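Reviewing the structure listed below.
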Amino acid sequence: GEDVEQSLFLSVREGDSSVINCTYTDSSSTYLYWYKQEPGAGLQLLTYIFSNMDMKQDQRLTVLLNKKDKHLSLRIADTQTGDSAIYFCAEGYNKLIFGAGTRLAVHP
Amino acid sequence: DAGVTQSPTHLIKTRGQQVTLRCSPKSGHDTVSWYQQALGQGPQFIFQYYEEEERQRGNFPDRFSGHQFPNYSSELNVNALLLGDSALYLCASSLVTNSYEQYFGPGTRLTVT
Chain Y
1243 GEDVEQSLFL SVREGDSSVI NCTYTDSSST YLYWYKQEPG AGLQLLTYIF
1293 SNMDMKQDQR LTVLLNKKDK HLSLRIADTQ TGDSAIYFCA EGYNKLIFGA
1343 GTRLAVHP
Chain C
17 DAGVTQSPTH LIKTRGQQVT LRCSPKSGHD TVSWYQQALG QGPQFIFQYY
67 EEEERQRGNF PDRFSGHQFP NYSSELNVNA LLLGDSALYL CASSLVTNSY
117 EQYFGPGTRL TVT
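Line by line, the protein sequences give chains Y and C.
To convert, take the position in the first sequence, counting from 1, and add 1242; that gives our numbering.
To convert, take the position in the second sequence, counting from 1, and add 16; that gives our numbering.
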C-alpha cells in the first residue's frame, strides 16, 4: 500500500542546517515532493524530484533520495526564523500521498 | 499572475447540511484537485477534475462530489455533513501535462457543529 512517514518535530538553532527525513512505500516510478505550510495557510511547493534521481539542489534546499531504502531528505542550509513551518513530504503524480508533516522550530 | 484562489475562507455548518466550496485555478492551468486536511494531519486526496470530468478519486464516500466548469474553475460539494467532515479543504491546480506540479490555494476551513 501507499504510505509516507515523517518524524513529527525538529528544533534547530538559527544559522544551522536542518535535515527533515521521510520514508515512502510506492515502488513504481514516481515523483517525490516537499511542501511547506505556514500557520493558517495553504501548501507551498518547495521542490520535487523524480524517483530516478539521487539529488536535487535549489538555493538553500538540497533533496537527497535513497531509492534502495525509499528514504527522502530535505536539507535547509543556514536555517532562518522564517523557515519555521510544517514541512510535508509527498509522493505520487495526479494523486499525491502526504505524510503527517514535520514541524520545524527555529530558535535564536 | 493570480495564484489559486478559494472561497469562502471559513464556513460553519450544522450536521446534515450541505456545503459547496469553490476554487479558481492558477492562470493557465486546466486541472483541479481537491484535498481534505484534518487538524494535525497531512492532506488526503479527494478527487481530480480535468475537461469537466472526474479523472481520479481517493477513498471518500459519494457524499463528496465535484464539478469543473468550462473556465476550469471547480466546486466541491459535500452532502449530509458529519462532524468528522470538519477540516481544511485545499484545492490544487496543475497542467494535465505536468500533473506533478500542483499549486495549492489557501484553503477553506469548514467547521461542522
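For glycine and all other residues, C-beta sits at the position ideal for the given N, C-alpha and C.
None of these values were measured; they are calculated from a predicted model.
In the DSSP assignment, C/Q52 is bridged to C/Q60 and C/Y105. Put simply, the CB of C/Q72 is near chain Y, with a gap under 7 Å to one of its CB atoms. Look at Y/L1314: its C-beta is not under 7 Å from any C-beta on chain C. Contact note: C/P122 reaches chain Y through A1283 and G1284, using a C-beta cutoff of 7 Å and chain order. Two segments are said to touch when three or more pairs of C-beta atoms, one from each, lie closer than 8 Å; by this definition the segment 1269-1284 of chain Y touches the segment 1324-1331 of chain Y. The DSSP assignment places no complete alpha helix (DSSP H) segment of no fewer than 4 residues inside the segment 1309-1341 of chain Y.
With contact defined as three or more Cβ pairs closer than 8 Å, the segment 79-87 of chain C and the segment 102-118 of chain C are not in contact. Less than 7 Å separates the beta-carbon of C/K42 from that of C/Y119.
If you look at Y/Q1286, you'll find it in the beta strand (DSSP E) that goes L1285 to F1292. A buried status is given to C/H45, since no fewer than 16 other beta-carbon atoms sit within 10 Å of its beta-carbon. For C/L27, the secondary structure class from DSSP, reduced to helix, strand or coil, is strand. Straight through space, the alpha carbons of Y/S1259 and Y/D1320 are spaced by roughly 5 Å. Y/S1249 and Y/G1324 have their C-alpha atoms spaced approximately 20 Å apart.
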